[in-house]
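Residue numbers (this note's numbering), protein chains in the order written: chain P, 85 to 378; chain G, 85 to 378.
Some notes on the structure that comes next.
2 protein chains.
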Amino acid sequence: MINIDQHLEREKEKINRALEQRLSHLVPSAVTDAMRYSLEAGGKRLRPILTLAAARTLGSEDDSVIDVACALEFIHTYSLIHDDLPAMDDSEIRRGKPTCHCVYGDALAILAGDGLLTLAFETLANYGSRDGCESRAIRIIAEISKSAGVNGMIGGQALDLGAEGRELSLTEIEQISLLKTGALLKASVVCGGIAANATQPQLKALACYASCLGNAFQIIDDLLDYESTTEELGKPAGADQVRLKANYPALLGPEKARARAEALYSESLAALDNLDCPAADLKEIAKILVYRKK
Amino acid sequence: MINIDQHLEREKEKINRALEQRLSHLVPSAVTDAMRYSLEAGGKRLRPILTLAAARTLGSEDDSVIDVACALEFIHTYSLIHDDLPAMDDSEIRRGKPTCHCVYGDALAILAGDGLLTLAFETLANYGSRDGCESRAIRIIAEISKSAGVNGMIGGQALDLGAEGRELSLTEIEQISLLKTGALLKASVVCGGIAANATQPQLKALACYASCLGNAFQIIDDLLDYESTTEELGKPAGADQVRLKANYPALLGPEKARARAEALYSESLAALDNLDCPAADLKEIAKILVYRKK
């Protein structure tokens, strides 16, 4: 019987080492300092953990998939740096620490985000430079660039910015969540599958699992923001409400929002049954995400 | 005998059509409007023209290389949008038109830049999805991501920002130019070569040609800024001097700066002799760039 907490802690350490290794060839500068600052600011490493778990679930023990996992964390971190900028969400605190632009200024924060996004694709090219990985790497780069792009994560951030100060329907909230958080989460799981040579039905099952999980994850995020105090959360609590941002608990009430997250959790587990292989890790990760307290 | 002007005009039209095609699958939004605005704001298309010319020089008539050419223009355009932001160079006019953030606001300009950078890699993945292109695409993605990244273009912009308001040595000016302009120009030429299956000595010759040309191009850019009036140039003239930015004519005087550009031009032509094939187009492009009046 695996102890999932210990296992995830080890995965996180492995990912942290790999992230640092992939920064080590960059000429030291204020930009790399800013990149490193945001990378080391205590993320959950959810996306790379999902990539590694999906690949392992499909039978891949290949160490090279860590490149794919790191690329996803680089993209996630870049998106946080740019979203936090004064011109965007204007957030001064994230994960209990001053945001990148508060420490390094707006110019370096913009460049650090650009640098991380670019490094993500350099890292994926490195994955693809291994014998036999070329074709999978191209599929992974296609998947990640679409998910992170204007039809995915960037589009979600644009919709979110446009939604400030007006009431949204549940459909609109779901659309924003699907793009802003869901698209890259889904890519994280699916790319683990591609790296492990998953079949098309298996990729479909992974995508379904990840979509439900991504949606549940966002609802729980909103609920934690809705319910928490600043001290517990590490960022100004109720920030979404203050800025009149649309979210699930504000629209449905917290009980219905939680019920919805739990229904999506069940759906994500059901999707894994179509993988035709045991998926204990992916199930445990979903459980931890949906029942987390911070 | 080719008429180079007509030829380049046709190439530019082909590139413009290809750029638009690669935006057409994006869900229309203010972000895609902002991306299109900056793409259509009258660029010379120098990087994609160099890519196509290098590929054709090495004997490739393959249409797929246009994907590589477009990716380089997307990256160049993203870099201009982000560099023009108030937090960076704070430029209101480029190519005679208001800059992206002046029309769409800072938030959309940041997202438009992010979107173009991401679209560049989606376009390269599309290039690599063709039979037999996987391996070359991976090499091209590695080359472009390194050139555009922190050890290349982004690093150059960071150095340039840090250089404002203080006097620089010639070595420092060259280092900034090498990274900020030179790295992506070099990648544009080299990637055309990779797409055309160039040999290692040929890639070396292309890299040498492009490095000299990139440096000459930057000197001419500085000279035009130094000498021109706003009306002629389409951007505030002498802007570099006003902001105490380091540049070649300010340090060397305009005559010596021009002589240096012409020496680099000769060097770029000499490098092409090592290609072991005629390179009339690449030579003509170099001539046009070094002897341009705007």
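For every residue, glycine included, the Cβ atom is placed at its ideal position computed from N, Cα and C.
Computed from a predicted structure; not experimentally measured.
Check your understanding: Does any C-beta atom of chain P lie closer than 8 Å to the C-beta of R327 (chain G)?
Key -> Stepping through the second sequence from its first residue, residue 327 (chain G) is reached at position 243. Any reading at R327 (chain G) must be qualified, since the residue scores a pLDDT of 48, below 50, and its modelled position is unreliable; the value itself is stated next. No - not a single Cβ of chain P is within 8 Å of the one on R327 (chain G).
Practice item. Counting only the same chain and skipping the five closest in sequence on each side, list residues whose C-beta sits under 6 Å from that of N100 (chain P). Key: Stepping through the first sequence from its first residue, residue 100 (chain P) is reached at position 16. Contacts found: none.
Check your understanding: What's the call for C296 (chain G), buried or exposed, on a 16-neighbour Cβ count within 10 Å?
Key -> Stepping through the second sequence from its first residue, residue 296 (chain G) is reached at position 212. Burial call: buried.
Review point. CB-CB under 8 Å to L169 (chain G), same chain, minus the five flanking residues each way: which ones, in chain order?
Key: Stepping through the second sequence from its first residue, residue 169 (chain G) is reached at position 85. Closer than 8 Å at the Cβ level, and outside the excluded window around L169 (chain G), lie H185, D190, A193 and I194.
Review point. Which term fits P333 (chain G), buried or exposed, when burial requires 16 or more other beta carbons within 10 angstroms of its beta carbon?
Key: The residue given as residue 333 (chain G) occupies position 249 in the second sequence. With 16 or more Cβ atoms within 10 Å of its Cβ, P333 (chain G) is classed as buried.
Review point. Within 10 angstroms of its Cβ, does H109 (chain G) collect 16 or more other Cβ (buried), or is it exposed?
Key: Looking up residue 109 (chain G) in the second sequence gives position 25. Result: exposed.
Review point. Based on Cα-Cα distance, which residue from G:S350, G:L290, G:N331 and G:S231 lies nearest to T141 (chain G)?
Key: Mapped onto the second sequence, residue 141 (chain G) falls at position 57. Cα-wise, what sits closest to T141 (chain G) is G:L290.
**Study point:** Beta-carbon neighbours of S113 (chain G), restricted to chain P and to distances below 9 Å
**Key:** As a working mapping, residue 113 (chain G) is identified with position 29 in the second sequence. Those are V234, G239, A242, L243 and G246, listed as they occur along chain P.
Review point. What runs of the alpha helix (DSSP H), each 4 residues or longer, lie entirely inside the segment 252-323 of chain P?
Key: 254-261, 267-279, 284-311 and 314-317
Check your understanding: Looking at C-alpha atoms only, which residue of P:L92, P:L359, P:R223 and P:L107 is the closest neighbour of T283 (chain P)?
Key -> In the first sequence, residue 283 (chain P) corresponds to position 199, counting from 1. For T283 (chain P), the nearest C-alpha among the options comes from P:L359.
Review point. Using 8 Å as the Cβ pair cut-off and three pairs as the minimum, do the segment 334-353 of chain G and the segment 305-312 of chain G touch?
Key: Verdict: yes, contact present.
**Study point:** Residues that R178 (chain P) bridges to, as DSSP identifies them
**Key:** One-based indexing of the first sequence puts residue 178 (chain P) at position 94. Answer is P:K181, bridged to R178 (chain P).
Point to revise | Minimum Cβ-Cβ distance from S148 (chain P) to chain G less than 8 Å | key: Numbered from 1 along the first sequence, position 64 holds the residue referred to as residue 148 (chain P). For S148 (chain P), the answer is no, since every Cβ of chain G falls outside 8 Å of its Cβ.
Review point. Below 8 Å, can you find three or more Cβ-Cβ pairs linking the segment 226-240 of chain P to the segment 204-214 of chain G?
Key: yes
Point to revise | E426 (chain P) at chain G interface by Cβ criterion, 8 Å | key: There is no way to answer for residue 426 (chain P), as the model of chain P reaches only from 85 to 378.
Point to revise | C-beta atoms of I165 (chain G) and G197 (chain G) nearer than 8 Å | key: Here residue 165 (chain G) corresponds to residue number 81 of the second sequence, with the count starting at 1. Here residue 197 (chain G) corresponds to residue number 113 of the second sequence, with the count starting at 1. Closer than 8 Å, so yes.
Check your understanding: Tell me which same chain residues have a C-beta within less than 6 Å of the C-beta of A355 (chain G), skipping the five on either side of it?
Key -> Counting from 1 along the second sequence, the entry for residue 355 (chain G) is found at position 271. Counting only Cβ-Cβ distances below 6 Å, and skipping sequence neighbours, we find A289, C292 and Y293.
Check your understanding: So, does the CB of G276 (chain P) fall closer than 8 Å to a CB anywhere in chain G?
Key -> Taking the first residue of the first sequence as position 1, residue 276 (chain P) is located at position 192. Not closer than 8 Å to any Cβ of chain G, the Cβ of G276 (chain P) fails to qualify, so no.
Point to revise | Between the CA atoms of H160 (chain G) and E251 (chain G) - distance to the nearest angstrom | key: One-based indexing of the second sequence puts residue 251 (chain G) at position 167. One-based indexing of the second sequence puts residue 160 (chain G) at position 76. Their backbone Cα atoms lie some 27 Å apart in a straight line.
Check your understanding: Which residues bound the alpha helix (DSSP H) around R214 (chain G)?
Key -> Residue mapping note: residue 214 (chain G) aligns to position 130 of the second sequence, counting from 1. Neither: R214 (chain G) is in no alpha helix (DSSP H) and is coded neither H nor E.
Review point. CB-CB under 8 Å to E227 (chain G), same chain, minus the five flanking residues each way: which ones, in chain order?
Key: On the second sequence, residue 227 (chain G) is found 143 positions in, with the first residue counted as 1. Hits under 8 Å: A271, V274, C275 and I278.
Check your understanding: Whose Cβ in chain P lies nearer than 7 Å to the Cβ of L37 (chain G)?
Key -> Because chain G here runs from 85 to 378, residue 37 (chain G) falls outside it and cannot be looked at.
Check your understanding: Using DSSP with H/G/I as helix, E/B as strand and the rest coil, what is C361 (chain P)?
Key -> By one-based count along the first sequence, residue 361 (chain P) stands at place 277. In the structure shown, the three-state DSSP call for C361 (chain P) is coil.
Exercise for review: Please check the pair L92 (chain G) and I133 (chain G), which I expect to be a contact at CB under 8 Å, by giving their CB distance rounded to whole angstroms.
Suggested key: Residue 92 (chain G) sits at position 8 when you count from the first residue of the second sequence. Residue 133 (chain G) sits at position 49 when you count from the first residue of the second sequence. Indeed, because the Cβ distance is near 6 Å, the residues count as touching under 8 Å.
Review point. Can a CB atom of chain G be found closer than 8 Å to the CB of D151 (chain P)?
Key: Residue mapping note: residue 151 (chain P) aligns to position 67 of the first sequence, counting from 1. Not an interface residue.
**Study point:** Those runs of the beta strand (DSSP E) which lie wholly inside the segment 113-162 of chain P and span at least 3 residues
**Key:** none
Review point. Is the CB-CB distance between R131 (chain G) and L269 (chain G) below 8 Å?
Key: Residue mapping note: residue 131 (chain G) aligns to position 47 of the second sequence, counting from 1. Residue mapping note: residue 269 (chain G) aligns to position 185 of the second sequence, counting from 1. Contact flag set, yes.
Exercise for review: Locate the alpha helix (DSSP H) running through D446 (chain P), then write down its first and last residues.
Suggested key: In the structure displayed, chain P extends from 85 to 378; residue 446 (chain P) sits before or after that span and is not available.
Review point. What does a CB cutoff of less than 7 Å around S261 (chain G) pick up in its chain, not counting 5 residues either side in sequence?
Key: Counted from its first residue, the second sequence places residue 261 (chain G) at position 177. Once the five neighbours on either side are set aside, the close Cβ partners of S261 (chain G) are N299 and Q302.
Exercise for review: Look at the alpha carbon of D151 (chain P) and the alpha carbon of R342 (chain G), and state the distance between them as a whole number of angstroms.
Suggested key: Numbered from 1 along the first sequence, position 67 holds the residue referred to as residue 151 (chain P). Numbered from 1 along the second sequence, position 258 holds the residue referred to as residue 342 (chain G). Cα to Cα, the separation comes out at about 46 Å.
Practice item. With a 10 Å radius around its C-beta and 16 neighbouring C-beta atoms as the bar for buried, classify C361 (chain G) as buried or exposed. Key: The residue given as residue 361 (chain G) occupies position 277 in the second sequence. Looking at its Cβ environment, which holds fewer than 16 other Cβ atoms inside 10 Å, C361 (chain G) is exposed.
Practice item. Kindly list the residues whose CB is nearer than 7 Å to the CB of A345 (chain P), restricted to its own chain and excluding five residues on each side of it in sequence; keep chain order. Key: Residue numbering aside, residue 345 (chain P) sits at position 261 when the first sequence is read from its first letter. Result list for A345 (chain P): A300, I303, I304 and V374, in chain order.
**Study point:** chain P contact residues for E382 (chain G), given Cβ-Cβ distances below 7 Å
**Key:** In the structure as shown, chain G begins at 85 and stops at 378. Residue 382 (chain G) is therefore absent and cannot be evaluated.
Practice item. Verify the CB distance criterion: does A226 (chain G) have a CB-CB separation below 8 Å to chain P? Key: Looking up residue 226 (chain G) in the second sequence gives position 142. Chain P contact via Cβ: present.
**Study point:** G249 (chain G) burial status per 10 Å Cβ neighbour count (16 or more: buried)
**Key:** Sequence index remark: in the second sequence, residue 249 (chain G) carries index 165 (1-based). When all chains shown are included, G249 (chain G) counts as exposed.
Check your understanding: Hey, G143 (chain G) and A280 (chain G) are a contact pair by Cβ (cut 8 Å); roughly how many whole angstroms apart?
Key -> Within the second sequence, residue 143 (chain G) is the residue found at index 59, counting from 1. Within the second sequence, residue 280 (chain G) is the residue found at index 196, counting from 1. About 6 Å; that satisfies the 8 Å criterion.
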